[in-house]
Amino acid sequence: MEKRKYAGLVLMEHLKQTWLYLTLVKIFGKQTVVVDEGKQRPNFAYFPVKDGEHILGWLGLPHSVLDEKSKQLIEVLVTKQPPLSNSGVGGEALYWRTFMKQDLRHWERQWDKLNYPADTRFGNIYFWIKTEQNTEELYPAVKEIVEGVLEEKSILVPYTGNLFVWVIPDYDQQRSLLADVVEGILDTIRSECMLDCLCYLGEAYPMPTPLQDHVHQELSYFRLAHDYQIKERVLYYRLLIPYLLLESLSKEERERMVDKLVGLVREDQELMHTIRVFLEQNLNVSETAKKLYIHRNSMQYRLDKFIEKTGIDIRQFKHAMTVYLALLAISRLD
Numbered sequence: 001m002e003k004r005k006y007a008g009l010v011l012m013e014h015l016k017q018t019w020l021y022l023t024l025v026k027i028f029g030k031q032t033v034v035v036d037e038g039k040q041r042p043n044f045a046y047f048p049v050k051d052g053e054h055i056l057g058w059l060g061l062p063h064s065v066l067d068e069k070s071k072q073l074i075e076v077l078v079t080k081q082p083p084l085s086n087s088g089v090g091g092e093a094l095y096w097r098t099f100m101k102q103d104l105r106h107w108e109r110q111w112d113k114l115n116y117p118a119d120t121r122f123g124n125i126y127f128w129i130k131t132e133q134n135t136e137e138l139y140p141a142v143k144e145i146v147e148g149v150l151e152e153k154s155i156l157v158p159y160t161g162n163l164f165v166w167v168i169p170d171y172d173q174q175r176s177l178l179a180d181v182v183e184g185i186l187d188t189i190r191s192e193c194m195l196d197c198l199c200y201l202g203e204a205y206p207m208p209t210p211l212q213d214h215v216h217q218e219l220s221y222f223r224l225a226h227d228y229q230i231k232e233r234v235l236y237y238r239l240l241i242p243y244l245l246l247e248s249l250s251k252e253e254r255e256r257m258v259d260k261l262v263g264l265v266r267e268d269q270e271l272m273h274t275i276r277v278f279l280e281q282n283l284n285v286s287e288t289a290k291k292l293y294i295h296r297n298s299m300q301y302r303l304d305k306f307i308e309k310t311g312i313d314i315r316q317f318k319h320a321m322t323v324y325l326a327l328l329a330i331s332r333l334d
C-alpha cells in the first residue's frame, strides 16, 4: 500500500477532529462531508486538511452541493486553517513535531540544537484518546500526566487531533518498565479526564533518522490493530505479528485458508466461540469451561466435536496456532 494512502488511513479518525472538518460539517452537514480513505470518488471535490505547509489528508464534498460561491468560500477556509499544535505546545515538542512531519533533509541541521549524545536511541509511545470532543484543551492535561511519570526527561508531542506521541530518550534502558508505566498512565487518563485511550509501544531508533517514515510505519500498525478490533489497550509489534502475516495474504488466500481449516464449522457460532476462548485461555480446558460457565465435560464434548469435524487436534500447539490464524482471518473477512 502506498505511503500516502496508508498514512491517510491512519489519520482518518483524527481528521474529523480538525477545524476544517468541523467547519464544513456546520455548513454542509455531517452526512455530506467525507474523509478520503485513499480512493477519491470521481463525483466529489476534495480539499486539503493542512497543518502549516504539511497536508494531513483530504476532505470531500459532492459536486452536487457546490456552486462557484461555495467553492470560493472553501478555498478561503483552506488558507485560514489554524495550526494543529494544540494549546501549550512549545520548546522541544515543536522540534519533534517538525521531525515527525517533515522529510529529513528539511530539518537535519536543526537536530544538533537539541544536544543529545550521538549514541542516544529514542522510542515513541503513541496515545490515541477516544473522544469526539474538541481536543484543544486535551494536550496540557495529558502532557502533565505523561511527562511526570518518568524521572528522566521525556517529551509529549501533539501529532494531530487526539493522537499524541511520547518521545523517550534512552528507550532501550527503560523499555522493560514501560508496559506497566503505560497501564498506569491509561488508568490516570481515564480517572482524571474521563476518557479511554489506546496505546502502541514503538521500536527504538537513532537520530537523526527519517522519522516521518518511521512514524507512518508505526501508525500503520496502530491502524491494523483497529481493523482487527484487538481488545488489548497496550499494543506492541510482537503482539501484531500474526496480524501482519495475515495482511501479507490476499483476501482470496485468507478465504481459502479459512475454508480449508474451519469451513465445516464456521457457521456453528457456539462452537467457534468456544474454540476462540479455548485459545485465549492457552489451551486450558478447565479455565475455558469456567470462562464459558459450562461443565468441564461439556467443554470436552465441544472440543471433540471440533476435532471430529475438522480433523484438527486443536489441543496440540502447532495445530492450535493454525486455527488461531484462521479465526483472526475470519474477523477481518466478516
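To convert, note that position 17 of the sequence shown is 17 in full-length UniProt numbering; the numbers rise steadily by one, no gaps.
Ideal Cβ placement from N, Cα and C applies to all residues, glycine included.
Tell whether a beta-carbon distance below 8 Å holds between residue i and residue j.
i      : j      : result
Val146 : Val157 : no
Phe306 : Ile330 : no
Arg254 : Leu333 : yes
Val304 : Thr160 : In the sequence on display, residue 304 carries Asp and not Val. Not a contact, by the Cβ cut-off of 8 Å.
Val277 : Leu292 : yes
Phe122 : Val76  : no
Trp107 : Met207 : no
Gly60  : Gln81  : no
Leu56  : Leu94  : no
Tyr228 : Tyr243 : yes
In chain order, what residues of the same chain lie with their CB nearer than 7 Å to the CB of residue i, ignoring the 5 residues before and after it?
i      : result
Asp268 : none
Leu186 : Cys197, Cys199 and Arg233
Leu66  : Ala45
Ala326 : Met257, Val258, Leu261 and Val262
Phe28  : Leu61 and Val65
Glu270 : none
Ser286 : Arg296
Leu211 : Phe99 and Met100
Glu247 : Leu224
Leu240 : Tyr221, Leu224 and Ala225
Between the options, which has its C-alpha nearest residue i's C-alpha?
i      : options                           : result
Asp213 : Arg256, Leu61 and Arg105          : Arg105
Gly263 : Lys231, Val323, Ser250 and Lys290 : Val323
Glu183 : Tyr126, Asp172 and Asn162         : Tyr126
Ser176 : Tyr116, Ile294, Leu201 and Glu218 : Leu201
Leu124 : Thr23, Leu59, Pro242 and Phe99    : As written in the sequence, residue 124 is Asn, which differs from the Leu given in the question. Among Thr23, Leu59, Pro242 and Phe99, the Cα nearest to that of Asn124 belongs to Phe99.
His63  : Lys101, Val33, His54 and Leu77    : Val33
Lys231 : Lys26, Leu328, Leu249 and Gly60   : Leu328
Glu92  : Thr120, Tyr116 and Ser70          : Tyr116
Glu53  : Ser298, Lys101, Thr288 and Asp36  : Lys101
Asp119 : Pro169, Pro242 and Leu73          : Pro169
Glu192 : Gly311, Ile129 and Glu280         : Ile129
Arg238 : Glu203, Val215 and Glu247         : Glu203
Leu245 : Glu144, Tyr221 and Ile155         : Tyr221
Arg266 : Glu252, Ala225 and Lys309         : Lys309
Ile74  : Lys113, Tyr21 and Asp36           : Tyr21
Gly148 : Gln281, Thr188 and Ala179         : Thr188
Residues in the same chain with beta-carbon distance under 8 Å from residue i, minus the five sequence neighbours each way, listed in chain order, please.
i      : result
Thr209 : Leu104
Leu283 : Ile314, Arg315, Phe317 and Ala320
Leu150 : Ile168, Gln174 and Val181
Arg190 : Asp196 and Cys197
Leu114 : Glu92 and Tyr95
Val49  : Leu15, Thr18, Leu20, Tyr21, Ile55, Leu56, Gly57, Trp58, Leu59 and Gln81
For residue i, does the count of other Cβ atoms within 10 angstroms reach 16, so buried, or fall short, so exposed?
i           : result
Thr79       : exposed
Pro42       : exposed
Asp172      : exposed
Arg97       : buried
Thr18       : buried
residue 342 : Missing from the structure shown is residue 342; the chain here goes from 1 to 334 and no further.
Arg296      : exposed
Met194      : exposed
Ser298      : exposed
Arg302      : buried
Ser154      : buried
Ala225      : buried
Lys26       : exposed
Glu152      : exposed
Lys143      : buried
Glu252      : exposed
Glu218      : buried
Once the 5 residues before and after residue i are set aside, which same chain residues still bring their CB inside 6 Å of it?
i      : result
Ala7   : Here the model assigns Ala7 a pLDDT of 39, short of 50, so the residue's position is not dependable, and the following value carries that caveat. The residues are His216.
Ser250 : none
Phe47  : Leu59, Ile74 and Val78
Which runs of the alpha helix (DSSP H) spanning at least 4 residues fall entirely within the segment 21-84, listed in chain order?
68-79
Which ranges would you report for the beta strand (DSSP E) in the segment 205-256 if only whole runs of at least 3 residues count?
234-236
If you scan the UniProt domain "PucR C-terminal helix-turn-helix" (271-329) from start to end, which runs of the alpha helix (DSSP H) of 4 or more residues do you find wholly inside it?
285-292 and 296-310
Residue ranges of each alpha helix (DSSP H) within the segment 141-206, 4 or longer
If we require 4 residues or more, the alpha helix (DSSP H) runs fully inside the segment 141-206 come out as 171-193.
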